[in-house]
Amino acid sequence: MNQLKRRMIQRALRIHRKIFPCAHRTDFTECFTQHKDNLLFWYNTEDCTTHVLTRKIPRTTREASPSADR
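Here the working numbering is used: the first residue of the sequence shown is 312, the next is one more, and so on.
So this is what it looks like as structure tokens:
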């Protein structure tokens, strides 16, 4: 898992204290989506609501990523 993903998980933990993977996912690594130059982190909280954090993917990471053109 890259540093950006770890930071997003840590941010979600600071905001909500207790978070869980979405839907039938079993691991947070399955809870990320890349859309253009943004990374989205989907997660649930104790009250069974879904939240999403978004971060711009740094240009150097996008250029190195094989899926950067999607």
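Idealized CB from N, CA, C, for every residue including glycine.
Under the three-state DSSP convention, the category residue i falls into
i	result
I330	strand
T344	strand
Residue i versus residue j: straight-line alpha-carbon distance, rounded
i	j	result
A367	I326	This sequence places Lys at residue 367; Ala is not what is there. Spanning the two alpha carbons is a distance of roughly 19 angstroms.
H335	T371	32 angstroms
C333	K316	15 angstroms
E357	H346	27 angstroms
L382	D338	Outside the shown range of the chain (312 to 381) lies residue 382, about which nothing can therefore be said.
C342	R328	17 angstroms
First and last residue of the uninterrupted beta strand (DSSP E) at residue i
i	result
T356	N349 to T356
Proximity winner among the options, relative to residue i (alpha-carbon distances)
i	options	result
N349	P369, Q321 and N313	P369
T361	Q345, K347 and A323	A323
Residue i classed as buried or exposed, judged by whether at least 16 other C-beta atoms fall within 10 angstroms
i	result
C359	exposed
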